[in-house]
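Heads up, this note's numbering is the position in the sequence shown plus 64, with the first residue counted as 1. C-beta atoms are modelled at their ideal positions from N, C-alpha and C, and glycine is treated no differently. These numbers were taken from a predicted model, which means no experiment stands behind them. Since the structure comes first, as structure tokens, the remarks are kept for the end.
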Amino acid sequence: MIEQQNVSKTLVPNPKALSDLQLFTMPEGGVDALSFITWDTIEVIGKGEETIEFHGSYTIERANPTSADWAEASIDITMRDLNVNGTSKLVGRVHVSTNAEMGISAGQVRTGTTYDAPNSPKMCQMYGYMKFDLLDLGVTVFNKEQIVLEHTITHVPPIGQGGGTGYVNIPLYSTIDPDGAPIAILHRVKTHIGAWLDK
65 MIEQQNVSKT
75 LVPNPKALSD
85 LQLFTMPEGG
95 VDALSFITWD
105 TIEVIGKGEE
115 TIEFHGSYTI
125 ERANPTSADW
135 AEASIDITMR
145 DLNVNGTSKL
155 VGRVHVSTNA
165 EMGISAGQVR
175 TGTTYDAPNS
185 PKMCQMYGYM
195 KFDLLDLGVT
205 VFNKEQIVLE
215 HTITHVPPIG
225 QGGGTGYVNI
235 PLYSTIDPDG
245 APIAILHRVK
255 THIGAWLDK
């Protein structure tokens, strides 16, 4: 069970287990390798639209918060790794990872809270550059426009929580012809953040 808010105005130790998580409390910076599930709605141009369920993991590096106060603090975050796999009815097996060639996938737990009330969630935003390997076709597609993932969170890391993009129209281009017409459109991402990976 997640503990209730710690009234201390100092950073709590970096959580390493579910029993360490505390609501509305800022921990020291750290690196979290977490299980990750996404549901990506993608339109393959000329073939149709579907939602693909991906399972795997991602690794997030968290800087130290700017304050020990939950409402005041912000945290810079970087996605160091993404490794999820799913199967499409239209194109077969798909592997998704970060795309460092396009840019760093990074974001921030924002200062303030989503509601003007005590013990309110904070907004966490991640701006991602991804590549989608269509393994059975031998094709890789990628986004030029950042994919903005948003989560409202009550603890750090936000294990058990989720979010996504809302409806979007983000073109996905082939790495073979990056300046040509897109071959797919990403319309939505929904996410679920799981627990730490077993070591």
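Bridge partner(s) assigned by DSSP for Thr112: Here residue 112 is Gly; the residue named in the question, Thr, does not match the sequence. Its beta-bridge partners are Val108.
Buried or exposed by the 16-neighbour rule on C-beta atoms within 10 Å, applied to Ile168: exposed
Asn233: first and last residue of the uninterrupted beta strand (DSSP E) it sits in: From DSSP, Asn233 is part of no beta strand (DSSP E); its letter is neither H nor E.
Residues near Tyr179 in its chain [Cβ-Cβ closer than 8 Å; skip 5 each side]: Pro185
Sequence-distant residues of the same chain with beta carbon closer than 8 Å to Leu75, five excluded per side: Met90, Pro91, Glu92, Asn128, Pro129 and Ala132
Length of the line joining the Cα atoms of Ile106 and Ile257: 21 Å
Contiguous beta strand (DSSP E) assignments of at least 3 residues, all confined to the region 132-172: 139-152 and 156-162
For Ala97 and Asp262, the rounded distance between their alpha carbons: 9 Å
7 Å CB neighbourhood of Gly6 in its chain, flanking five on each side removed: One cannot answer for residue 6 here, as it falls past the ends of the chain, which runs 65 to 263.
Closest Cα partner of Leu250 within the set Arg174, Tyr191, Glu114 and Gly226: Glu114
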